[in-house]
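What follows is a set of notes on a single structure, which appears directly below.
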Amino acid sequence: MKQFIKNPNIILIVIFLEGFVSISIEILTIRQVIPVAGTSIIVTSLIIGIFLLFLAIGYWRGGLYRDNFTSILRRNFIIAAGLMGIGISYPFIAYFFVTLEHYIATSNFLFILTAYLLLIIAPIIYLIGQTVPLSMNLMNPDKRIAETGGKVLFLSTLGSFLGAPLASLLFMEFFGVAWSVFINFSILIIMVFLFSKKTKERLLYIILAAGIGWFVYKLNISFEKEHFIATTNFANYSVSDGVAPDSGWKGKILESNNAYSSFINDKKETFLYNELIKRILFKDLKLHDAQILVLGAGGFTLSAGGTHGNYFTYVDIDPKIKSVVEKRFLPKINGKFIAQDARIYLIKHLRQYDVIVSDVCSNLFSIPPSLLTREYFSNIKDSLKTNGFAIFNIVARPFLNDPYSKRVDSTIRSVFGNCISIPLQYSDRLTNIIYVCRASKNAHDKEVYTDNLNTGTLDFIVLQRGSYSNVLRVFHKKNTLNATK
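Heads up: take any position in the sequence shown, counting from 1, add 99, and you land on our numbering.
Pasting the structure below:
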């Protein structure tokens, strides 16, 4: 122990790195479970809660040790490194969730997520949490406890402060998620060697670290290179040749976080729900020279077959999605791309559009909760020109016999009174439902026809003003032709 008192900087570095790695693991966990659990506040709060609980338990347990502090630290770091490198890898998480769903026969992903956090993440944080009290035993005993404790907490918190932005803004942004996992694995291995002084001991740890490191590299970096075009802060992207599940057409499929995001073939045909939106825009509404805003870029397929003389603006939260799409999916996008959160864009940009298409729902896990609220739909309504149209792609059940489907429908109609909903399949299962809405003057007309008061005939006459005249002209023309015969 005296050996380390002579070089206290090593202890301070370890405490700093402990804070750095612990918060990085939390952020990586939040990022890696997006494909299987989504990004809801429930998921995030569950991860943070379990993280803090086992960090606290680690603090408590670390304070109970009375000797062998450095050997315990080495053991903790090597176990935590192995658990993290394997347990936070994408293939392990995917396999864990699929296996539990199959054998436990539950569709409640929160139960599976909790099991994953308790079995994998909790032990890692528990071991790393012991670092602070164990390291305090290696510091100068002549200093006041308050001074030592203050310095330790300062360095650990400083490491966490720097780890939070660096994990997302530097590592994941420039190196990808897999390299971020490997970097944090390497930091834990370095911490093992900081407390290893004997040559034989170091040789043993070098062999052990090399073996685990090779496996972690294959499980993370090699797997990412083989299966994904890119991994960003928001999604894992891949492109493959395949068959569209809704139409049976062959073409290219863009996947984002385990979900089919977009499809396109040589004829520029896309997913059927997207074809329906195209038909509404270009054939039914016959739009030309219109400003069209698309929230949720996907594969930029709405204008892939041509703009029909319209002006498209795509908005997506992931700044890298354009380069990902142009790399392997669609050589050139027809329209302007803006990388920004949809709600922020609607609030900050005061432009108004003829049509706004909200296509942010590819599956139930990837629906941002903030894009299902009345306030979000109101932002869209405020950004429409007079008589403009809002089109929403919603994944729900057409018969609205579950709370989610019914409440999404009610939320949309609470803002847009007049909406047409068109499901791709009339069945009691999840499908794409296209809502076509318009802010009309009579949107909040609540009158109904009753036996006591029924103005239906008069209302229909008003409705038929132009059509009735046409019917009379056709009738007169037919009678005239018959008379001449």
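Backbone N, C-alpha and C define an ideal beta-carbon position, used for all residues, glycine too. Here the structure is a predicted model, which means the values were calculated and not measured.
As assigned by DSSP and simplified to three states, the class of residue i
i, result
"Arg496", "coil"
"Ala538", "coil"
"Pro213", "With the sequence shown as reference, residue 213 is identified as Thr, and Pro is not the correct amino acid for it. Helix at Thr213."
"Phe327", "coil"
"Ser295", "coil"
"Ser121", "helix"
"Gly395", "coil"
"Ser346", "coil"
"Phe115", "helix"
"Tyr316", "helix"
"Phe559", "helix"
"Ile146", "helix"
"Ile466", "coil"
"Asn553", "coil"
"Asp508", "helix"
"Lys351", "strand"
"Asp388", "coil"
"Ala403", "coil"
"Ala334", "coil"
"Asn605", "Residue numbering for the chain in the displayed model covers 100 to 584; residue 605 lies beyond these limits and cannot be assessed."
"Thr369", "coil"
Distance between residue j and residue i (C-alpha atoms, nearest Å)
i, j, result
"Ile146", "Leu116", "21 Å"
"Ile557", "Ile376", "The question names Ile, yet the displayed sequence has Leu at residue 557. So the two alpha carbons sit approximately 34 Å from each other."
"Val315", "Phe274", "16 Å"
"Tyr413", "Gly555", "43 Å"
"Thr138", "Leu218", "21 Å"
"Lys421", "Phe436", "8 Å"
"Asp501", "Ser509", "12 Å"
"Ile129", "Glu300", "35 Å"
"Phe498", "Thr530", "11 Å"
"Lys296", "Val459", "55 Å"
"Leu209", "Pro468", "16 Å"
"Gly350", "Asp544", "46 Å"
"Leu268", "Arg243", "38 Å"
"Ser285", "Ile124", "13 Å"
"Met183", "Asn175", "12 Å"
"Thr298", "Tyr304", "10 Å"
"Asn319", "Gln131", "11 Å"
"Lys426", "Ala438", "17 Å"
"Ser539", "Asp481", "13 Å"
"Trp159", "Asp241", "23 Å"
"Leu163", "Phe281", "31 Å"
"Ser82", "Arg378", "Residue 82 lies beyond the stretch modelled for the chain, which goes from 100 to 584, so this question has no answer here."
"Asp166", "Phe153", "22 Å"
"Lys270", "Pro418", "According to the sequence shown, residue 270 is Phe rather than Lys. When rounded, the distance between both Cα atoms is 16 Å."
"Glu368", "Gly262", "45 Å"
Supposed contact pair residue j and residue i - C-beta distance, whole angstroms, cut 8 Å
i, j, result
"Gly398", "Ser346", "About 15 Å separates the two Cβ atoms, so there is no contact after all."
"Leu172", "Phe294", "5 Å"
"Leu127", "Ala214", "About 18 Å; that fails the 8 Å criterion."
"Leu429", "Ile363", "6 Å"
"Ile227", "Ser121", "5 Å"
"Asn335", "Pro134", "6 Å"
"Ile533", "Asn492", "6 Å"
"Gly312", "Pro232", "Between Pro232 and Gly312 the Cβ distance is about 28 Å, and since that is not below 8 Å, they are no contact."
"Phe168", "Asn239", "No, Phe168 and Asn239 are not in contact; Cβ-Cβ is about 14 Å, not under 8 Å."
"Leu287", "Ala180", "4 Å"
"Gly395", "Asp415", "6 Å"
"Val393", "Phe411", "6 Å"
Per DSSP, cross-strand counterpart(s) of residue i
i, result
"Val135", "Bridge partners of Val135: none, in fact."
"Tyr452", "Leu483"
"Lys435", "Thr412"
"Gly341", "Gly350"
"Phe488", "Val454 and Arg537"
"Tyr359", "Glu354"
"Cys518", "Cys536"
Contact test: residue i Cβ vs the ligand ZN heavy atom, cutoff 7 Å
i, result
"Lys421", "Looking for the ligand ZN in the displayed structure turns up nothing, as the structure carries no ligands at all."
Buried versus exposed, by CB contacts within 10 Å (16 or more), residue i
i, result
"Phe559", "exposed"
"Phe333", "buried"
"Phe260", "exposed"
"Gln229", "buried"
"Gly186", "buried"
"Asn108", "exposed"
"Leu445", "buried"
"Ile352", "buried"
"Tyr194", "exposed"
"Val494", "buried"
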